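Each remark here refers to the structure printed beneath this line.
Protein chains: 2
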Amino acid sequence: MTKNTKTRLLMLSFSLMFIFATGCISDSDSELEDDTIFPRGNNVAGSPLEDSFTGDVWVEMLVTDDTYNSPSYNVIFSKGARTDWHSHPGGQLLFVTSGEGYYQEEGEPARLLKSGDVVEIPPDIVHWHGATADSTFEHVGVTTNPGAGAAEWFGDVTDEQYNNLVITTEQNSEKDNM
Amino acid sequence: MTKNTKTRLLMLSFSLMFIFATGCISDSDSELEDDTIFPRGNNVAGSPLEDSFTGDVWVEMLVTDDTYNSPSYNVIFSKGARTDWHSHPGGQLLFVTSGEGYYQEEGEPARLLKSGDVVEIPPDIVHWHGATADSTFEHVGVTTNPGAGAAEWFGDVTDEQYNNLVITTEQNSEKDNM
Chain A
22 MTKNTKTRLL
32 MLSFSLMFIF
42 ATGCISDSDS
52 ELEDDTIFPR
62 GNNVAGSPLE
72 DSFTGDVWVE
82 MLVTDDTYNS
92 PSYNVIFSKG
102 ARTDWHSHPG
112 GQLLFVTSGE
122 GYYQEEGEPA
132 RLLKSGDVVE
142 IPPDIVHWHG
152 ATADSTFEHV
162 GVTTNPGAGA
172 AEWFGDVTDE
182 QYNNLVITTE
192 QNSEKDNM
Chain B
22 MTKNTKTRLL
32 MLSFSLMFIF
42 ATGCISDSDS
52 ELEDDTIFPR
62 GNNVAGSPLE
72 DSFTGDVWVE
82 MLVTDDTYNS
92 PSYNVIFSKG
102 ARTDWHSHPG
112 GQLLFVTSGE
122 GYYQEEGEPA
132 RLLKSGDVVE
142 IPPDIVHWHG
152 ATADSTFEHV
162 GVTTNPGAGA
172 AEWFGDVTDE
182 QYNNLVITTE
192 QNSEKDNM
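See the structure below:
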């Protein structure tokens with residue numbers, strides 16, 4: 022499979038999500054209303070993305086044009102919702118716009134995130150991100166160097182892992198050493 | 022009510038108005054405090070960036086690591102502040118997080134921007150962005166394909182240009198054709 026094909030398949034996944042996902046009206050939806058800055062998009066439930074998350078998560082693609090080499094998306098996590106463990110061959114950036122969440126690299130303590138935080142996720146680092154148990158969480162994500170290939174997924178962040186997090190106040194990203 | 026009482030009430034009204042007004046008149050820094058999501062950074066005044074802007078503008082670099090090929094920065098414009106006309110050889114993305122502003126491509130009407138809007142700026146398109154006359158404006162910017170070269174600058178958006186904008190409700194970016 023060529024890198025271009027992988028990128029196209031990734032985009033196809035997102036497109037299918039738009040086609041099949043329905044706007045779920047639920048308590049969680051209205052709970053999120055005030056926190057949302059970028060469009061909420063669709064609940065991943067029932068879409069090809071569903072298997073990559075735990076809990077209620079909404080994804081809206083913001084930038085898909087290949088010109089920019091920066092697929093960008095808004096992700097909103099309900100309380101306790103999170104991605105699976107995964108990695109990006111070309112890295113990823115997260116820009117946190119509301120709520121509180123976590124970012125954890127495999128084998129490291131979790132970093133507590135809040136509005137205004139930026140996370141630099143190096144290529145091939147296995148990690149997850151998501152909301153705290155008490156807060157919704159919203160970030161813009163940018164997949165960097167998308168030509169390096171699609172994200173790889175490594176299974177759920179289990180309840181046991183999530184409920185026994187060690188939280189650090191240190192920041193993981195290189196940016197924070199500036 | 023005696024004239025004296027009326028006079029005293031009138032004086033009290035003026036005093037309260039004065040106190041209230043004084044409370045509302047603030048320097049640009051504190052005016053921006055509540056709108057800021059990402060770090061405000063430094064006023065470009067006195068920096069090498071100063072010549073590329075009109076008005077009070079604050080810039081904070083968010084991502085500088087070459088690994089990501091996505092130099093990212095938060096820009097906060099005070100009311101009426103704006104970039105000069107410029108273009109990016111590799112394009113640029115803007116993610117609007119607060120306030121109201123404009124994006125205009127040369128020869129086109131200006132697009133009115135608000136929180137949650139995304140602008141895709143194609144390579145080599147001459148454009149500017151900045152605040153409306155009545156609102157501060159904050160966006161995260163990402164320079165895409167930075168290897169294509171540095172931004173080129175083409176001089177001020179003059180007061181005459183700024184004060185005679187034609188505003189469109191159409192969105193300029195390709196994203197909006199999705």
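Heads up: the protein sequence lines correspond to chains A and B, in order. Residues 22 to 199 (this note's numbering) are what the first sequence spells out, left to right. Residues 22 to 199 (this note's numbering) are what the second sequence spells out, left to right. Using N, Cα and C, we set each Cβ at its ideal position, and we do this for glycine too. Remember, predicted model here, so these are calculated numbers, not experimental data.
Reference residue i; option with closest CA among the options
{"i": "D98(A)", "options": "N90(A), S119(A), L114(A), T88(A)", "result": "Inspection of the sequence shows that residue 98(A) is occupied by Phe rather than by Asp. Measuring from the Cα of F98(A), the nearest candidate turns out to be S119(A)."}
{"i": "W79(A)", "options": "D86(A), T88(A), S68(A), Y89(A)", "result": "S68(A)"}
{"i": "L133(A)", "options": "D145(A), E127(A), G151(A)", "result": "G151(A)"}
{"i": "T75(B)", "options": "Y89(B), M82(B), L83(B), N64(B)", "result": "N64(B)"}
{"i": "D105(A)", "options": "H148(A), T88(A), D77(A)", "result": "H148(A)"}
{"i": "V139(B)", "options": "Y123(B), A154(B), E71(B), D145(B)", "result": "Y123(B)"}
{"i": "D77(B)", "options": "E173(B), S93(B), G62(B)", "result": "G62(B)"}
{"i": "E173(A)", "options": "H109(A), I58(A), V84(A), T85(A)", "result": "H109(A)"}
Test: residue i CB closer than 9 Å to a CB of chain B
{"i": "N64(A)", "result": "no"}
{"i": "D86(A)", "result": "yes"}
{"i": "G112(A)", "result": "yes"}
{"i": "T200(A)", "result": "With chain A covering 22 to 199 only, the question about residue 200(A) has no answer from this structure."}
{"i": "F59(A)", "result": "yes"}
{"i": "P69(A)", "result": "no"}
{"i": "F116(A)", "result": "yes"}
{"i": "L186(A)", "result": "no"}
{"i": "T83(A)", "result": "One point to set straight first is that residue 83(A) is Leu, not Thr, in the sequence displayed. L83(A) counts as touching chain B."}
{"i": "E173(A)", "result": "no"}
{"i": "E129(A)", "result": "no"}
{"i": "V96(A)", "result": "no"}
{"i": "V139(A)", "result": "yes"}
Identified DSSP bridge partners for residue i
{"i": "F98(B)", "result": "V78(B), F158(B)"}
{"i": "L134(B)", "result": "G122(B)"}
{"i": "N64(A)", "result": "W79(A)"}
{"i": "F116(B)", "result": "V139(B), V161(B)"}
{"i": "S188(B)", "result": "A small fix is needed here, since residue 188(B) is Ile in this sequence, not Ser. I188(B) pairs with A131(B)."}
{"i": "G151(A)", "result": "R103(A), Y123(A)"}
{"i": "S93(A)", "result": "V84(A), V163(A)"}
{"i": "E173(B)", "result": "S108(B)"}
Nearest-angstrom Cα separation, counted from residue j out to residue i
{"i": "P167(A)", "j": "I142(B)", "result": "19 Å"}
{"i": "G101(A)", "j": "G162(B)", "result": "30 Å"}
{"i": "L186(A)", "j": "A131(A)", "result": "7 Å"}
{"i": "G170(B)", "j": "G111(B)", "result": "7 Å"}
{"i": "E159(A)", "j": "S136(B)", "result": "14 Å"}
{"i": "N90(A)", "j": "A66(B)", "result": "32 Å"}
{"i": "I188(B)", "j": "G128(B)", "result": "12 Å"}
{"i": "M82(A)", "j": "V96(A)", "result": "9 Å"}
{"i": "V117(B)", "j": "F175(A)", "result": "33 Å"}
{"i": "Q113(B)", "j": "T164(B)", "result": "5 Å"}
{"i": "R103(A)", "j": "V178(B)", "result": "44 Å"}
{"i": "D71(B)", "j": "D145(A)", "result": "Per the sequence shown, the amino acid found at residue 71(B) is Glu instead of Asp. In a straight line, the C-alpha of E71(B) is about 38 Å away from that of D145(A)."}
{"i": "N184(B)", "j": "S73(A)", "result": "49 Å"}
{"i": "H107(B)", "j": "T88(A)", "result": "19 Å"}
{"i": "P60(A)", "j": "E126(A)", "result": "28 Å"}
{"i": "T57(A)", "j": "D180(B)", "result": "34 Å"}
{"i": "S14(A)", "j": "Q182(B)", "result": "No answer is possible for residue 14(A): the residues shown for chain A start at 22 and end at 199."}
{"i": "D86(A)", "j": "P92(A)", "result": "7 Å"}
{"i": "V84(B)", "j": "L115(A)", "result": "10 Å"}
{"i": "E121(B)", "j": "T190(B)", "result": "14 Å"}
{"i": "T153(B)", "j": "Y94(A)", "result": "26 Å"}
Continuous alpha helix (DSSP H) stretch holding residue i: start and end
{"i": "Y89(A)", "result": "From DSSP, Y89(A) is part of no alpha helix (DSSP H); its letter is neither H nor E."}
{"i": "E181(A)", "result": "180 to 184"}
Any C-beta of chain A under 9 Å from that of residue i
{"i": "S47(B)", "result": "At S47(B) the pLDDT is 34, less than 50, meaning the model places this residue with poor confidence and gives no usable figure here."}
{"i": "Y124(B)", "result": "no"}
{"i": "S91(B)", "result": "yes"}
{"i": "S136(B)", "result": "yes"}
{"i": "L121(B)", "result": "With the sequence shown as reference, residue 121(B) is identified as Glu, and Leu is not the correct amino acid for it. Cβ-Cβ to chain A under 9 Å: no for E121(B)."}
{"i": "P144(B)", "result": "yes"}
{"i": "V147(B)", "result": "no"}
{"i": "V161(B)", "result": "yes"}
{"i": "E181(B)", "result": "no"}
Delimiting residues of the beta strand (DSSP E) encompassing residue i
{"i": "W106(A)", "result": "No beta strand (DSSP E) holds W106(A); DSSP gives it neither H nor E."}
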